[in-house]
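Note sheet for the following structure.
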Ligand code: NAP
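Given below as structure tokens:
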């Protein structure tokens, strides 16, 4: 029977520890950590994600400032908003919910977030520093996946890791984090040829494709560890988990695997940022 990598349970454990850290921080610093969330436009899924992040802050006693901007927002207006948050000493972390409406230069907006408040790990500088093993907040989803793999003592060194997807917030940083832990990493994308046979070599397979149940059960090697980062309506991910679970030694469920770890990592990194700023 495959081990279920239970992100929901680990996130709950993390929150209990965080609530205690928030309490102690408040005693020392006379304030609680605060995350600013920026939602641009009216995408309902994005609105739900932002709400979940705010709720997680409240559960551990942190503040969250919710900023909502209309769908006609320009890049300039968003940059001004981010700058104001960078300059606000009460704000410890800034989350800009991806994706933003098309007319906005999302990369420019991410880059405007100051490194010490980039608790979602979206800036080039943060990515570069993380890749080089220097201190930086990791991109929240892959950093959450790493925390989950570590919690279950999943060995990475010397293992073949196949990451399917190369987005700036997920596939690419995931690959770098696995590489930093001495896995041998293959990064696949939409132009990759012979994907099933490449995935079949993976001791660790990360599905970060954005297509429901795209990775098939018979692509999974016996005993592989399967991480499904995808989430789609109907509670399915990017991997056909029913079939993959028959072959895997461990896998992340959908829901309750990667999703809760993303939020947990975001608020954990906000806590870290608050503690650093109070030093
Ligand atoms: P994305 O930006 O759309 O990137 C998808 C990646 O998959 C791209 O690199 C793309 O390749 C690759 N791809 C697309 N079709 C492919 C194919 N046929 N074969 C191989 N690779 C293919 O998506 P994302 O933001 O990284 O998200 C990926 C998934 O993770 C989604 O299901 C999303 O919902 C989920 N997600 C979950 C969380 C969470 O907190 N749980 C957070 C973020 C994302 P190209 O680069 O060549 O286009």
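Numbering (my numbering), first residue to last: 314 to 592. Beta carbons: idealized from backbone N, C-alpha and C, even for Gly.
Legend entry - Close Cβ partners of residue 396 (< 8 Å) along its chain, the five nearest in sequence each way excluded: 425
Inset, instruction - Return yes when at least one heavy atom of the ligand NAP lies under 8 Å from the C-beta of residue 379, else no. - result: no
Legend entry - Whole-Å CB distance - residue 469 paired with residue 462, under 8 Å assumed: 7 Å
Inset, instruction - When you get a sec, list the residues whose CB is within less than 5 Å of any heavy atom of the ligand NAP, chain order please. - result: Here the list is 454, 478, 479, 480, 483, 502, 503, 521, 522, 523, 542, 543, 544, 571, 572, 575.
Inset, instruction - State the beta-bridge partners of residue 347 as determined by DSSP. - result: 376
Inset, instruction - Check whether the region 358-368 touches the region 385-405, taking contact to mean three or more Cβ pairs, one atom from each stretch, closer than 8 Å. - result: No, because fewer than three Cβ pairs between the region 358-368 and the region 385-405 fall closer than 8 Å, the two stretches do not touch.
Legend entry - Cβ-Cβ distance between residue 560 and residue 536 below 9 Å: yes
Inset, instruction - Check whether the region 442-450 touches the region 411-426, counting contact only when three or more Cβ pairs, one atom from each stretch, lie closer than 8 Å. - result: In short, these stretches do not touch, since the Cβ pair count stays below three.
Legend entry - Spatial distance of residue 589 from residue 514 (CA atoms): 41 Å
Legend entry - Close Cβ partners of residue 440 (< 8 Å) along its chain, the five nearest in sequence each way excluded: Within the same chain, Cβ atoms closer than 8 Å to the Cβ of residue 440 are found at 434, 449, 452, 481, 485, 486, 489, the five residues on either side in sequence being excluded.
Legend entry - Buried or exposed (CB count within 10 angstroms, at least 16 for buried), residue 531: exposed
Legend entry - contact_flag[the region 384-391, the region 568-585] where n(CB pairs < 8 Å) is 3 or more: With the cut-off at 8 Å, the region 384-391 and the region 568-585 do not touch.
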